[in-house]
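This report concerns only the one structure given below.
Number of protein chains: 2
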Amino acid sequence: MIYTVGEMAKRLGVAPSTLRYYDQEGLLPFVERSSGGIRVFKDSDYEWLQVIGCLKKTGMQLKDIKSFIEMAMQGDETIEPRLALIVKQKESVKAQIAELEETLCTLEFKEWYYETAKENGSTAVPRNMALDELPEQFRKVRLKLRGE
Amino acid sequence: MIYTVGEMAKRLGVAPSTLRYYDQEGLLPFVERSSGGIRVFKDSDYEWLQVIGCLKKTGMQLKDIKSFIEMAMQGDETIEPRLALIVKQKESVKAQIAELEETLCTLEFKEWYYETAKENGSTAVPRNMALDELPEQFRKVRLKLRGE
DNA sequence: ATACAAGTTCAAGTTACCTTTAAGTCAATA
DNA sequence: TATTGACTTAAAGGTAACTTGAACTTGTAT
Numbered sequence: 014m015i016y017t018v019g020e021m022a023k024r025l026g027v028a029p030s031t032l033r034y035y036d037q038e039g040l041l042p043f044v045e046r047s048s049g050g051i052r053v054f055k056d057s058d059y060e061w062l063q064v065i066g067c068l069k070k071t072g073m074q075l076k077d078i079k080s081f082i083e084m085a086m087q088g089d090e091t092i093e094p095r096l097a098l099i100v101k102q103k104e105s106v107k108a109q110i111a112e113l114e115e116t117l118c119t120l121e122f123k124e125w126y127y128e129t130a131k132e133n134g135s136t137a138v139p140r141n142m143a144l145d146e147l148p149e150q151f152r153k154v155r156l157k158l159r160g161e
Numbered sequence: 014m015i016y017t018v019g020e021m022a023k024r025l026g027v028a029p030s031t032l033r034y035y036d037q038e039g040l041l042p043f044v045e046r047s048s049g050g051i052r053v054f055k056d057s058d059y060e061w062l063q064v065i066g067c068l069k070k071t072g073m074q075l076k077d078i079k080s081f082i083e084m085a086m087q088g089d090e091t092i093e094p095r096l097a098l099i100v101k102q103k104e105s106v107k108a109q110i111a112e113l114e115e116t117l118c119t120l121e122f123k124e125w126y127y128e129t130a131k132e133n134g135s136t137a138v139p140r141n142m143a144l145d146e147l148p149e150q151f152r153k154v155r156l157k158l159r160g161e
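Taken in order, these protein sequences are the chains called S and B. For any residue, its number in my numbering is found by taking its place in the first sequence, counting from 1, and adding 13. For any residue, its number in my numbering is found by taking its place in the second sequence, counting from 1, and adding 13.
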């Protein structure tokens, strides 16, 4: 199967202008053109675009994704640096998950805080509660929020 | 304890210009000024800034954080919408974690892919491997990447 | 009293990532 | 063959979140 930029964009759930922009930025050196200059996307290009999408989700910048694609275009000599980059991004994603888990704990504290405020008609109640009055799992969170 | 903008920025690990920018954008209505116009941060302001930082980590935009702060400044009448917002952000963070977990699976597949390529001197080996030749946990990932 | 680091405002600059617009070309259908 | 919708490029515009620079003021330390 082959696709135009619009068809491929639809398949990926992105705007056609995004694909044109990526191409312009050098992220899509694998995309060929028809005799008339129209971009011709193949199924194997879809896979490249999925990889680009994956790296984007890790928070990698387009210029770094470009380097990765350029390495891939060089062929088998660049297997090791590509592996290294994947491993690095894997660690980065693990760190991001850990940070979001912490953020989640803070939000759960805040949820409890406003639930308690709602029940009592005032934020003063959870705010002035002694540390040992609050549920055990929220004590560390409150200390951290208050910088203690 | 009271702090200048520079001291508070240091305590938070951000640039002083960031705090001035937030103030300018209306995110810090609780910060008072000295007679000479210098910002005076209190310990309770540190806690607000930590909450702002938490909401930022959830991916919330500054204009939406501003709305939250404005509600908080209104007092106890806004407990319910604040609770609703926290719960919404909690769900958003859970979704972000789920997406990163999926991204992690893809990266683990890619790690295996390049490890196998490295062992065999060519990406052709993992690329052309039959689906039932690859480790079970990577089969669904490859199908998704190839759009099958 | 004087120096001087760090504060102030306002405006302009920066970066990343697209999107939009304009002017024109390609290619599938009637 | 003519129409029409989707393609092309180049350049400009947009947005979020800061950062920087210039010109000036505050407040602490000698």
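Think of the CB as a built atom: it goes at the ideal place given N, C-alpha and C, for glycine as much as any other residue. Quick caveat: nothing in here was measured; it's all calculated off a predicted structure.
Short Cβ contact (9 Å threshold) for residue i with residue j
i, j, result
"Leu-96 (chain S)", "Tyr-127 (chain B)", "yes"
"Ile-99 (chain S)", "Glu-114 (chain B)", "no"
"Ala-137 (chain B)", "Ile-92 (chain S)", "no"
"Gln-63 (chain S)", "Leu-32 (chain B)", "no"
"Leu-117 (chain B)", "Lys-103 (chain S)", "yes"
"Glu-60 (chain B)", "Gly-160 (chain S)", "yes"
"Glu-121 (chain B)", "Phe-151 (chain B)", "yes"
Residues that residue i contacts on chain B, provided the C-beta gap is smaller than 9 Å
i, result
"Asp-89 (chain S)", "Ala-130, Gly-134, Ser-135, Thr-136 and Ala-137"
Host beta strand (DSSP E) of residue i (start-end)
i, result
"Val-53 (chain S)", "52–55"
7 Å Cβ cut-off: residues of chain B touching residue i
i, result
"Glu-112 (chain S)", "Lys-70"
"Tyr-127 (chain S)", "Ile-92, Arg-95, Leu-96 and Ile-99"
Where the alpha helix (DSSP H) through residue i begins and ends
i, result
"Met-154 (chain S)", "According to the sequence shown, residue 154 (chain S) is Val rather than Met. Counting along the chain, the alpha helix (DSSP H) containing Val-154 (chain S) begins and ends at 149–159."
"Met-84 (chain S)", "75–87"
"Ser-105 (chain S)", "92–133"
"Asp-36 (chain S)", "29–37"
"Val-44 (chain B)", "Neither: Val-44 (chain B) is in no alpha helix (DSSP H) and is coded neither H nor E."
"Gly-19 (chain B)", "18–25"
"Ala-137 (chain B)", "137–141"
Backbone CA spacing between residue i and residue j [nearest angstrom]
i, j, result
"Pro-162 (chain B)", "Lys-79 (chain B)", "Coverage of chain B is limited to positions 14 through 161, which leaves residue 162 (chain B) absent and any answer about it impossible."
"Val-53 (chain S)", "Lys-70 (chain B)", "40 Å"
"Pro-148 (chain B)", "Gln-87 (chain B)", "57 Å"
"Glu-38 (chain B)", "Glu-83 (chain B)", "12 Å"
"Ala-108 (chain B)", "Glu-112 (chain S)", "14 Å"
"Arg-140 (chain B)", "Lys-101 (chain B)", "42 Å"
"Val-18 (chain S)", "Ile-51 (chain S)", "8 Å"
"Ser-105 (chain S)", "Ser-48 (chain B)", "46 Å"
"Thr-119 (chain S)", "Gln-74 (chain B)", "18 Å"
"Val-27 (chain B)", "Arg-155 (chain S)", "21 Å"
"Asp-145 (chain S)", "Glu-20 (chain S)", "60 Å"
"Pro-42 (chain B)", "Lys-153 (chain S)", "27 Å"
"Ile-15 (chain B)", "Arg-24 (chain S)", "56 Å"
"Leu-40 (chain B)", "Gly-72 (chain S)", "26 Å"
"Arg-46 (chain B)", "Asp-89 (chain B)", "25 Å"
"Ala-85 (chain B)", "Met-142 (chain S)", "19 Å"
"Asp-36 (chain S)", "Phe-81 (chain S)", "14 Å"
"Ala-22 (chain B)", "Pro-94 (chain B)", "30 Å"
"Cys-67 (chain S)", "Leu-68 (chain B)", "25 Å"
Cβ distance (whole Å) where residue i is taken to contact residue j below 8 Å
i, j, result
"Asp-58 (chain S)", "Val-44 (chain S)", "6 Å"
"Ile-65 (chain S)", "Ile-110 (chain B)", "In fact, because the Cβ distance is near 22 Å, the residues do not count as touching under 8 Å."
Contact set between residue i and chain S, taken where Cβ atoms lie within less than 8 Å
i, result
"Gln-102 (chain B)", "Leu-120"
"Glu-60 (chain B)", "Leu-158, Arg-159 and Gly-160"
Chain-ordered chain S contacts of residue i [CB-CB under 7 Å]
i, result
"Gln-109 (chain B)", "Leu-113"
Chain B residues whose Cβ lies nearer than 8 Å to that of residue i
i, result
"Gly-19 (chain S)", "Going along chain B, no residue has its Cβ under 8 Å from Gly-19 (chain S), so there is no contact; the nearest lies around 17 Å."
"Leu-117 (chain S)", "Lys-103, Val-106, Lys-107 and Ile-110"
Amino acids of chain S, ordered along the chain, whose beta-carbon sits closer than 9 Å to that of residue i
i, result
"Glu-124 (chain B)", "Leu-96, Ile-99, Val-100 and Lys-103"
"Gln-63 (chain B)", "Thr-119, Lys-157, Leu-158, Arg-159 and Gly-160"
Check: residue i C-beta below 8 Å from any heavy atom of the ligand MG
i, result
"Glu-38 (chain S)", "Of ligands this structure carries none, so the ligand MG is not represented either."
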